[in-house]
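Keeping their order, the protein sequence lines are chains A and B.
Residue numbers are given in the numbering used here: position 25 of the first sequence equals residue 118, and the series is strictly consecutive.
Residue numbers are given in the numbering used here: position 90 of the second sequence equals residue 183, and the series is strictly consecutive.
All remarks here apply to the structure that follows.
Protein chains: 2
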Amino acid sequence: MKQDIFHAIADPTRRAILTLVAIQALTPNAMAEKFDMTRQAVSKHIKVLHECDLIKPVQSGRDIYYHFNAKRMQEFDHWLAQFRQSWETQFNQLDQLLTTLKEQ
Amino acid sequence: MKQDIFHAIADPTRRAILTLVAIQALTPNAMAEKFDMTRQAVSKHIKVLHECDLIKPVQSGRDIYYHFNAKRMQEFDHWLAQFRQSWETQFNQLDQLLTTLKEQ
DNA sequence: TATTTGCGCAACCTTTAGGTTGCATATATA
DNA sequence: TATATATGCAACCTAAAGGTTGCGCAAATA
Numbered sequence: 094m095k096q097d098i099f100h101a102i103a104d105p106t107r108r109a110i111l112t113l114v115a116i117q118a119l120t121p122n123a124m125a126e127k128f129d130m131t132r133q134a135v136s137k138h139i140k141v142l143h144e145c146d147l148i149k150p151v152q153s154g155r156d157i158y159y160h161f162n163a164k165r166m167q168e169f170d171h172w173l174a175q176f177r178q179s180w181e182t183q184f185n186q187l188d189q190l191l192t193t194l195k196e197q
Numbered sequence: 094m095k096q097d098i099f100h101a102i103a104d105p106t107r108r109a110i111l112t113l114v115a116i117q118a119l120t121p122n123a124m125a126e127k128f129d130m131t132r133q134a135v136s137k138h139i140k141v142l143h144e145c146d147l148i149k150p151v152q153s154g155r156d157i158y159y160h161f162n163a164k165r166m167q168e169f170d171h172w173l174a175q176f177r178q179s180w181e182t183q184f185n186q187l188d189q190l191l192t193t194l195k196e197q
């Protein structure tokens, strides 16, 4: 079941996991040490991130290192693109307002 | 209660609302016409978006026009920034790999 | 003034999310 | 080989999410 990446990043623990693995690939146990919950709870979050391809497992003996998948993360950037024009417009309008106020 | 923007954008209906109001400010009724659910359900989504400041109400008689707040959406952009370096690195590595393969 | 219309709030219901514990399996190690 | 360790899966529980209907209120309109 391919999960929604927006749902995936909605959870703060999952965002923290992404931040961690973006720096360095980690095993589930290594991740679990960083959080105040059981390893199984962390594993559930890993599963969600894995199912939507934000992280990728690399097996090494009995260890599994999960790697950050930048390509997938970039989809957020693409989604945001539709709003960039809006915020540039809004900020220009704010600039103009401030300039006008300053001139008075 | 200030809501989390990550939670706010996790719902597909709310993302659709954001796309709509980024183009043009709309009233709850106007939004509700676009979706296959009751006005009240849409209103709940509006409430979530409003509580986390992604949209701003402007009263006009008994109508309320909700405007997109680009500034708030930009926070999502800032969060993404921490991963930009990762994906540039990964893409460069991919480029190098492809170049190496081509040379062989 | 009486009525319609736009909106928000509250109560309720069902599904999903996120945590727990327990167990099975595969690999590493004594 | 026996044991310890890393991981994933399943069952279970509670809280929250997302939908519904019904209601109240304020503004527009007949």
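All C-beta atoms in this analysis are idealised placements derived from N, C-alpha and C, irrespective of residue type, glycine included.
Residue range of the alpha helix (DSSP H) that includes residue i
i	result
B/I110	105-116
A/F99	98-101
A/L119	Segment: none, A/L119 is in no alpha helix (DSSP H) and carries neither H nor E.
A/E144	132-144
Closer than 7 Å at the beta carbon, the chain A residues around residue i
i	result
B/A103	F99, H100, A103
B/F161	S179
B/Q152	Under the 7 Å cutoff, chain A gives no residues; its nearest Cβ is about 20 Å from B/Q152.
Where residue i meets chain B, residues with beta-carbon distance less than 9 Å
i	result
A/T112	Q175, F176
A/R108	F99, W172
Supposed close pair residue i, residue j - CB separation, criterion 8 Å
i	j	result
B/V135	B/P150	Going by Cβ atoms, the distance from B/V135 to B/P150 rounds to 14 Å, so no, they are not a contact pair.
A/A103	A/L142	12 Å between Cβ atoms; not a contact.
B/Y159	B/A118	6 Å
B/L173	A/D188	That belief does not hold up - the Cβ atoms of B/L173 and A/D188 are roughly 24 Å apart, past 8 Å.
Boundaries (first-last residue) of the beta strand (DSSP E) holding residue i
i	result
A/Q152	148-153
A/D156	156-161
Cross-chain neighbours of residue i in chain A, by beta carbon under 9 Å
i	result
B/M166	L173, F176, S179, W180
B/Q189	Here the premise fails: no neighbours, minimum Cβ distance about 15 Å.
Cβ shell of residue i (< 8 Å), same chain only, five flanking positions each side left out
i	result
B/E168	I98
B/I157	T120, P121, P150, V151
B/K127	A109, L113
A/H138	D104, T106, R107, I110
A/M130	T106
Chain-ordered neighbours of residue i on chain B, where CB pairs are closer than 8 Å
i	result
A/F169	F169, L173
A/A115	Q175, F176, S179
Sequence-distant residues of the same chain with beta carbon closer than 7 Å to residue i, five excluded per side
i	result
A/Q96	V141, E144, C145
Within chain B, the residues that residue i reaches when beta carbons sit closer than 7 Å
i	result
A/Q96	Residues of chain B passing the Cβ test: none, with the nearest at roughly 11 Å.
A/Q186	Going along chain B, no residue has its Cβ under 7 Å from A/Q186, so there is no contact; the nearest lies around 10 Å.
Contact set between residue i and chain A, taken where Cβ atoms lie within less than 8 Å
i	result
B/Q197	None at all; the shortest Cβ gap to chain A is about 24 Å.
B/Q133	Within chain A, no residue comes near B/Q133; the closest Cβ sits about 23 Å away, beyond 8 Å.
Nonlocal neighbours in the same chain, by C-beta distance under 6 Å from residue i, ignoring five residues either side
i	result
B/R132	A125
B/Q183	none
Is the stretch 152-165 of chain B in contact with the stretch 172-191 of chain A, if contact means three or more CB pairs nearer than 8 Å?
The stretch 152-165 of chain B vs the stretch 172-191 of chain A: in contact.
Below 8 Å, how does it come out for the stretch 139-156 of chain A and the stretch 107-127 of chain A: are there three or more Cβ pairs, yes or no?
yes
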